[in-house]
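Here it is in structure tokens:
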């Protein structure tokens, strides 16, 4: 079995649980033999590299470094899970500021060391914001930067499969858009359950309205639930899905879920958020999701929430005001 | 992409780091859609199952249970990483006894709930001993039970690649046999470095004898080194390699490394240890490795060490004396 490409894929944050899983996943998917692992925490990074060597992947050329210049030079693809985790005593703002600064530096480093990179997928939280910052500072085109948003949609699929007691494959086109977490917009109108539109089931005896509301809450709390059950944040699913995104960007199988994308047309502007997207060798493109008036309203609220987060980052002076974005990145209108 | 088989694969110990990686790996390899996750620790098990659901694997039929009868009923393949970890204050004997008892119960459960299982791979430590116990109590044929031994050989490959500064693919047929850890027999005579037999390099300026001895020590300490670097035991490489073993047992790609197998002919008898093996739909078979007189001596010492461990388990009355094994499992001569 051959590798899809020889292009260099750099995994930023490779010493962590998500990053190390990404590396294994990318090697198993045979995306490219040329995988570079980067992490500032050198001992754990070496430990991860050793583990991957010990898997004995044929033809693999795994390198690892704590030097960002070495890591990014020549990279065609980047996945970054390299944010900081929330620590005791840290406020939400502390976390936002810390990860926003990490994203700013990553964007600058991309501009300096690999301006010819083809695609970058950013997954550290809040991913819509960190992805936006990376986009602006890297100078890349909006089509070249995506963020992980699929987990909310796969969690919706999972909860619907459990509720209706059908295999997950019977739940088609489950979709959430906008932001992540509390403020996501859960769409019912796109989804079918074993061929029946979900909206025809909600409010009937097959799915009373209250059950649907409860289910949406479980989707929103999906990440928190993993922590409660497993004692650690989810890492397998974000790693796997983000590598699927990069596989699509390499020209592989189309990515089947929404992704976060830079949006600036119609009623949503100067924001990165989950839309109906496709990812191919030409990068990420999107269309605005259709939905019921109530769903559109949810999406507008989600957008407003993201704008507030973005404006916080502007107030922190990590991003310039929107009207000066074009100076930072001429691809941004 | 289709699954290789519809046969049920049960992962025992699926809530742990190794088991959860195995499940992801098996699904990514498309071995079978029918994966059953078993672990006595129900909350973490559910957390792992959720993570796998959230990956959105198409066509997957992932089930999970803390009921061993449900887990094993109908299973065609089993991988078990379900041993206990060494805890503070535990002696080596405590650990051996604990895991030997777990292996005994697993063997009995296999005999009760899935006597028609096709292949079982055991990886919890000491794997040669726990595998032997599972074999004896399950009543399976020796060809149906294998243990993970490949990590020592992949670590040898890794260290040689680093030493000679060549890609790992240039290191062919790196092999360790016998037991695992301190007592493994590291064979040099089987290995070539970019086409040159390793034995022609050892003791020359290209690899002074002391360097080879140091390298062997690094191989032996490979697992300990991962713990020092990463702060946790290796989990990605044992998970990945053991799933490769099961893939071979399902009739997939031949497994490329030594595995632990029940040995009872020639000079090695009534023991499970790493030999030159092949794994196919017909199970695991082996041949005794050829080697230099010094290597043969190392292997004999490794065998003696394993016999001592086995005899400890007999003294604990977890296994009957060797001459009564045939009563426990008529396939054992």
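Chains as they are written, first to last, in the working numbering: chain Y, 52 to 384; chain P, 52 to 384. No residue lacks a Cβ here, since even glycine has one placed at the ideal position from N, Cα and C.
Roughly how many angstroms lie between the CA atoms of residue 350 of chain P and residue 154 of chain Y, to the nearest whole one?
Going from the Cα of residue 350 of chain P to the Cα of residue 154 of chain Y covers about 53 Å.
Give the DSSP-derived three-state secondary structure of residue 87 of chain Y in the structure shown.
Look at residue 87 of chain Y here: in three-state DSSP terms it is strand.
Cross-chain neighbours of residue 280 of chain Y in chain P, by beta carbon under 8 Å:
Contacts between residue 280 of chain Y and chain P, judged by CB atoms closer than 8 Å, involve 94, 95, 97, 98, 101 in chain order.
Could you check where the alpha helix (DSSP H) with residue 68 of chain Y kicks off and where it finishes?
Segment 68-79, the alpha helix (DSSP H) holding residue 68 of chain Y.
CA-CA distance, residue 111 of chain P and residue 132 of chain P?
Between residue 111 of chain P and residue 132 of chain P, the C-alpha separation is close to 22 Å.
Name the residues in the region 299-322 of chain Y whose C-beta lies less than 8 Å from a C-beta of chain P; which are they?
Here the close residues are 307, 308.
Simplified DSSP assignment, three categories, for residue 153 of chain P
It is helical.
CB residue 309 of chain P to CB residue 228 of chain P, shorter than 8 Å?
Contact flag set, yes.
Does the contact criterion of 3 or more C-beta pairs under 8 Å hold for the region 154-165 of chain P versus the region 277-285 of chain P?
As far as the Cβ criterion goes, the region 154-165 of chain P does not touch the region 277-285 of chain P, which means the pair count is below three.
For residue 270 of chain Y, which beta-bridge partners are listed by DSSP?
Answer by DSSP bridge pairing: none, since residue 270 of chain Y is not bridged.
Please list, in chain order, all residues of the same chain as residue 377 of chain Y whose beta carbon is under 8 Å from its beta carbon, the five residues on each side excluded.
Here the set comprises 383, 384.
Does the Cβ of residue 84 of chain Y have 16 or more other Cβ atoms within 10 Å, making it buried, or fewer, making it exposed?
With 16 or more other Cβ atoms within 10 Å, it is buried.
For the region 199-221 of chain Y, which residues have a CB atom closer than 7 Å to at least one CB atom of chain P, in sequence order?
Listed by position along the chain: 202, 205, 206, 208, 209, 218, 219, 220.
Counting C-beta neighbours from all protein chains within 10 Å, is the total for residue 139 of chain P 16 or more, i.e. buried, or is it exposed?
Classification of residue 139 of chain P: exposed, given that the 10 Å Cβ count is below 16.
Within 8 Å, do at least three Cβ pairs link the region 110-124 of chain P to the region 141-155 of chain P?
Taking 8 Å as the limit for Cβ pairs, the verdict is that the region 110-124 of chain P does not touch the region 141-155 of chain P.
When the Cα of residue 372 of chain P is compared with those of P:56, P:191, P:187, which residue comes out closest?
Cα-wise, what sits closest to residue 372 of chain P is P:187.
Taking a contact to mean a Cβ-Cβ separation below 8 Å, would you say residue 201 of chain Y touches residue 353 of chain Y in this structure?
Cβ atoms of residue 201 of chain Y and residue 353 of chain Y: not closer than 8 Å.
Where does the unbroken alpha helix (DSSP H) through residue 175 of chain P begin, and where does it stop?
Element bounds for residue 175 of chain P: n/a, residue is neither H nor E.
Between residue 305 of chain Y and residue 226 of chain Y, how many whole angstroms is the CB-CB distance? I'm expecting something under 8 Å.
With 8 Å as the limit, residue 305 of chain Y and residue 226 of chain Y do not qualify as a contact, their Cβ atoms being about 15 Å apart.
Looking only at DSSP bridge pairs, what is residue 313 of chain Y linked to?
Residue 313 of chain Y pairs with Y:323.
Taking its Cβ as the centre, do 16 or more other Cβ atoms sit within 10 Å of residue 275 of chain Y, making it buried, or is it exposed?
Of the other Cβ atoms in all chains shown, fewer than 16 fall within 10 Å of the Cβ of residue 275 of chain Y; this residue is therefore exposed.
Can the beta-carbon of residue 208 of chain P be found closer than 8 Å to that of residue 169 of chain P?
No.
Complete beta strand (DSSP E) runs within the region 194-235 of chain P (minimum length 3 residues, chain order):
Under the rule that a run must span 3 or more residues, the beta strand (DSSP E) segments found entirely inside the region 194-235 of chain P read 196-199, 226-229.
Does the region 62-74 of chain P come within contact of the region 82-101 of chain P, defined as at least 3 CB pairs closer than 8 Å?
The region 62-74 of chain P is in contact with the region 82-101 of chain P.
DSSP-derived helix/strand/coil call for residue 104 of chain Y
Here residue 104 of chain Y sits in helix by DSSP.
Closer than 8 Å is the cut-off here; do at least three beta carbon pairs connect the region 243-255 of chain P with the region 206-224 of chain P?
These segments touch.
Comparing C-alpha positions only, which one of P:180, P:335, P:312 sits nearest to residue 365 of chain P?
The shortest Cα separation from residue 365 of chain P among P:180, P:335, P:312 belongs to P:180.
Would residue 106 of chain P count as contacting chain Y if we go by Cβ distances under 8 Å?
Interface flag for residue 106 of chain P against chain Y is set, since a Cβ pair is found closer than 8 Å.
To the nearest angstrom, how far is it from the Cα of residue 331 of chain P to the Cα of residue 146 of chain P?
Their Cα atoms are separated by approximately 32 Å.
So for residue 248 of chain Y, helix, strand or coil by DSSP?
The three-state secondary structure of residue 248 of chain Y, taken from DSSP, is strand.
Looking at the structure shown, is residue 60 of chain P part of a helix, part of a strand, or coil, going by DSSP?
Strand at residue 60 of chain P.
Taking residue 135 of chain Y as part of the alpha helix (DSSP H), name the residues at either end of that continuous run.
First-last for residue 135 of chain Y: undefined, no H or E at that position.
Using the rule of at least 16 other Cβ atoms within 10 Å of the residue's Cβ for burial, across every protein chain shown, is residue 35 of chain Y buried or exposed?
The shown model of chain Y, from 52 to 384, leaves out residue 35 of chain Y, and the question about it has no answer.
Among P:322, P:53, P:56, P:210, nearest to residue 370 of chain P - alpha-carbon criterion
It is P:322.
If we call anything under 8 Å between Cβ atoms a contact, is residue 191 of chain Y one with residue 173 of chain Y?
Contact: no.
Closest to residue 182 of chain Y by C-alpha separation, out of Y:338, Y:363, Y:312, Y:355, would be which residue?
Residue Y:312 is the option with its Cα nearest to residue 182 of chain Y.
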